[in-house]
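One point on numbering: in full-length UniProt numbering, the residue at position 79 of the sequence shown is 79, and numbering is uninterrupted. Input: a single structure, listed below in C-alpha cells.
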Amino acid sequence: MRGQIRKTAYAQHTQIKAIRKKMVEIMTRDIAGSELKEVVNKLIPNSIGSEIEKACRGIYPLQNVNVRKVKVLKKPKFDVTRLMEMHGESYSSVTVDEKGQRVERVDGYEPPVQSSV
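Pasting the structure below:
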C-alpha cells in the first residue's frame, strides 16, 4: 500500500466477502471429490492455505493463511472393507445378514446363566 501512514491496514467489507467466497470455492473444489485420507494429506502441508493466499492476492494482500477448523458437512457411507484397508488389516468379504454371525467360543465356553439381574 503506497503512501500508507499507519503500519496496519484493514480490508473493506466487500473485500472480506470476496475473499471468503474465493476460500469456499477453493476448498469445495479441492475437497468435494476426495477421500478422507486425501483431504488429511492436503491439510497437513497447508497446500490449501497457500493456494488461497495466491488466489486472493489480487483482492487483498494476505499472509499466513492457515486452515484452522474442518467441519464435515456430509457423512460418508460406512464401508467395512475400506476401513480395514485404512488400518492395514486384510478383510475377507463375508456376507452377513442384519442379525449378524454367531461367534464361536473357545473350547465350547458358555457364560453361566444368572437367575436374577
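By construction, the Cβ of each residue, glycine as well, lies at the ideal position given by its N, Cα and C atoms. Since we're looking at a predicted model, the values are computed, not measured.
- Which of helix, strand or coil does DSSP assign to L62? coil
- Task: Determine the closest residue to A11 out of Y109, M86, T81 and R57, with distance taken between C-alpha atoms.
- Result: R57
- With DSSP as the reference, label Y91 as helix, strand or coil. Residue placement at Y91 cannot be trusted, given a pLDDT of 49 that sits under 50; the coordinates are not used to answer.
- Please classify L73: does DSSP put it in a helix, a strand, or coil? coil
- Are the beta-carbon atoms belonging to residue 120 and Y60 less than 9 Å from one another? What the structure shows of the chain is the stretch from 1 to 117, and residue 120 is not part of that stretch, so it cannot be assessed.
- Under the three-state DSSP convention, the category E85 falls into: helix
- Environment of I52 [buried if 16+ CB atoms lie within 10 Å]: buried
- Counting along the chain, where does the alpha helix (DSSP H) carrying N41 start and finish? L36 to L43
- Could you tell me the distance, in whole angstroms, from the CA atom of A55 to the CA atom of I48? 10 Å
- Message: If you reduce the DSSP assignment to three classes, tell me which class G49 lands in.
- Response: helix
- Q15 versus T8: straight-line alpha-carbon distance, rounded: 16 Å
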